[in-house]
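Asker: Pasting a structure here, questions to come.
And the structure:
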């Protein structure tokens, strides 16, 4: 077969450049066939198909073949890669913050995949740049920024949003770093509960891990402002720079919310006291908590959406911190978390679009770009190539939900988490660790029957004399988790997560915890009861294993 014959056959594997109803039907049918194959893998279990043992050695031996394969062969093979995957939208799946994407957001992600716009510039993306600009404007307004003044861009994930915030902060504190490199010490400050992305960003930017200052957090998992001030003043007294203060607005493990108002006031006081010629940048890591901004103008007194009283208290408790988001100079927002969009849909949002000039490239470095059009984010983005899928998916859900839709979804998830905590609190062998946090995540520890869970958790947190018991119960919780996970992989029970360090004790040991992150819109109180049943079954197995033979 000649190369022309092969090209002719491969043309059918591409979307046709001109209207062809017959081929369009084939295109649609190919998707429908793949969806039918996926649907056949569903059951009452919280996973697609059957559990599979991943053969990594076999994957490393895979090589490209000489002959082409058909669309049908390749599609069927691709569907198989999803076998054994947990279904995030299943109410039995409560793993971290993985939502089920909506249908419009999937379509929003799919359409750019067909025609491949590049958000480097409007000359390569045309109208898709409007989806980015509209998403930025709508989100800016939602969190309290002036949409006419704000700016933003979609990037490669939550870590990317923190990278942009820290880079702009570094340029403010140490002008010319983009050109000359880092010539003086500069620091990133965050809480001990902050995402490890702070370490990642500092390392990749060249700040160095040692220049990340982890400020202790309080029992509600928020940064301690008094200790933040102590650390800031110590740095400034030594003549060192503060590149960025990261305020965590919804920690991954416990939904802790830093006090942005106090952080902002502290920053202003430091500028005045030290006569700083720059403004230490405040970046809000709000990739999870941003969505609660829909409650900033909700009337909690009349409660028009009729949330239960306990849910109202939780939502109001979150709003007391989220309402200050507008005080941050920049923030990170993940629509693929609490915005129910597919990966990756992460927005870096600037209060002042002028800050983006600090990271803009010299025009002579890109002689083959930006020859036409008016919107050229590629001049300041880290990436040259940016997909249109992220902003299209985000825009789809902003339009789909409206404020009341997102309020209702978040309220439902919080209500189910409150129900779960009630179930867990009802059993004397279980202790909820983040009972004072208000999000959809619940962290808890499980103990043997002879432990007084009303007093011992406080003692193991603060008293080093209980170190050995703490470590013993860490192992105990790991074993409970393993049994729950084994059950889940067989399609029974629930799928939970484990964190090796919910937080450290006062004497420096990690506290292991089980974690439920309710993100399914299909959750009901019945599934909250199933979590408790799974935990109790695992406890029984652990107790049976420990009995003398």
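Numbering (this note's numbering), first residue to last: 1 to 549. Using N, Cα and C, we set each Cβ at its ideal position, and we do this for glycine too. Since this is a predicted model, take the numbers as computed values, not measurements.
So what's residue 549 in DSSP terms, helix, strand or just coil?
Answerer: Position 549 of the chain shown, counted from the first residue, corresponds to residue 549. With a pLDDT of only 48 at residue 549, under 50, the local geometry of the prediction cannot be trusted, and the value read off the model is given with reservation. Three-state DSSP puts residue 549 in coil, outside helix and strand.
Asker: Since residue 429 is in the beta strand (DSSP E), which residue starts that stretch and which ends it?
Answerer: Along the chain shown, read from residue 1 onward, the residue named residue 429 stands at position 429. Premise fails: residue 429 is in no beta strand (DSSP E) and is neither H nor E.
Asker: Please state whether DSSP places residue 457 in a helix, a strand or coil.
Answerer: Numbered from 1 along the chain shown, position 457 holds the residue referred to as residue 457. Three-state result, residue 457: helix.
Asker: Can you tell me which of 454, 196, 289, 436 puts its alpha carbon nearest to the alpha carbon of residue 407?
Answerer: Here residue 407 corresponds to residue number 407 of the chain shown, with the count starting at 1. Out of 454, 196, 289, 436, 289 has the C-alpha closest to the C-alpha of residue 407.
Asker: What do you get for residue 565, buried or exposed, if any count of 16 or more other CB atoms within 10 angstroms of its CB means buried?
Answerer: What is shown of the chain runs 1 to 549, which leaves residue 565 out entirely.
Asker: For residue 93, count neighbouring C-beta atoms within 10 Å of its own C-beta (all shown protein chains included) and say buried if the count is 16 or more, exposed if not.
Answerer: Here residue 93 corresponds to residue number 93 of the chain shown, with the count starting at 1. So residue 93 counts as buried.
Asker: For residue 229, which residues in the same chain have their Cβ closer than 7 angstroms to its Cβ, ignoring the five residues on either side in sequence?
Answerer: Here residue 229 is taken as the residue at index 229 of the chain shown, counted from 1. Closer than 7 angstroms at Cβ, skipping near neighbours: 266.
Asker: Does the region 44-58 come close enough to the region 474-486 to have 3 or more Cβ pairs within less than 8 angstroms?
Answerer: No, because fewer than three Cβ pairs between the region 44-58 and the region 474-486 fall closer than 8 angstroms, the two stretches do not touch.
Asker: So, are the CB atoms of residue 152 and residue 350 less than 7 angstroms apart?
Answerer: Residue mapping note: residue 152 aligns to position 152 of the chain shown, counting from 1. Residue mapping note: residue 350 aligns to position 350 of the chain shown, counting from 1. Yes, Cβ-Cβ distance for residue 152 and residue 350 is below 7 angstroms.
Asker: What does a CB cutoff of less than 7 angstroms around residue 134 pick up in its chain, not counting 5 residues either side in sequence?
Answerer: As a working mapping, residue 134 is identified with position 134 in the chain shown. So the list reads 395, once near-sequence residues are dropped.
Asker: Residue 243 lies in the beta strand (DSSP E); which residues open and close that run?
Answerer: Position 243 of the chain shown holds residue 243. From DSSP, the beta strand (DSSP E) with residue 243 extends over 241-248.
Asker: Under the three-state reduction of DSSP, which class applies to residue 510: helix, strand or coil?
Answerer: For this step, residue 510 is matched to residue 510 along the chain shown. Three-state result, residue 510: strand.
Asker: Just the Cα atoms here: how many angstroms apart are residue 366 and residue 73?
Answerer: Here residue 366 refers to the residue found at position 366 of the chain shown. Here residue 73 refers to the residue found at position 73 of the chain shown. Roughly 41 angstroms separates the two Cα atoms.
Asker: What's the gap between the Cα of residue 506 and the Cα of residue 215?
Answerer: Against the chain shown, residue 506 aligns to sequence position 506. Against the chain shown, residue 215 aligns to sequence position 215. Taking the straight line joining both Cα atoms gives about 14 angstroms.
Asker: Identify which residue in 422, 444, 423, 439 has its Cα closest to the Cα of residue 432.
Answerer: Reading the chain shown from its first residue, position 432 is the one you call residue 432. Of 422, 444, 423, 439, the residue nearest in Cα terms is 444.
Asker: Of all the CB atoms in chain B, is at least one closer than 7 angstroms to the CB of residue 169?
Answerer: The structure shown contains no chain B, having only a single protein chain.
Asker: Take every Cβ of the region 274-288, pair it with every Cβ of the region 298-314, and state whether three or more of those distances are shorter than 8 angstroms.
Answerer: No, the region 274-288 does not touch the region 298-314.
Asker: First and last residue of the alpha helix (DSSP H) that includes residue 190?
Answerer: Within the chain shown, the letter at position 190 stands for residue 190. Segment 186-191 is the beta strand (DSSP E) holding residue 190; no alpha helix (DSSP H) there.
Asker: In angstroms, rounded to a whole number, what distance separates the CA positions of residue 542 and residue 269?
Answerer: Along the chain shown, read from residue 1 onward, the residue named residue 542 stands at position 542. Along the chain shown, read from residue 1 onward, the residue named residue 269 stands at position 269. For residue 542 and residue 269, the distance between alpha carbons rounds to 54 angstroms.
Asker: Evaluate contact between the region 140-152 and the region 235-243, counting only Cβ atoms and requiring at least three cross-stretch pairs below 8 angstroms.
Answerer: Segments in contact, no.
Asker: Could you check what DSSP says for residue 118 in three-state terms: helix, strand or coil?
Answerer: Position 118 of the chain shown, counted from the first residue, corresponds to residue 118. Reduced to three states, the DSSP call for residue 118 is strand.
Asker: Could you check the C-alpha separation between residue 427 and residue 89 for me, to the nearest Å?
Answerer: Residue 427 sits at position 427 when you count from the first residue of the chain shown. Residue 89 sits at position 89 when you count from the first residue of the chain shown. So the alpha carbons of these two residues sit roughly 27 angstroms apart.
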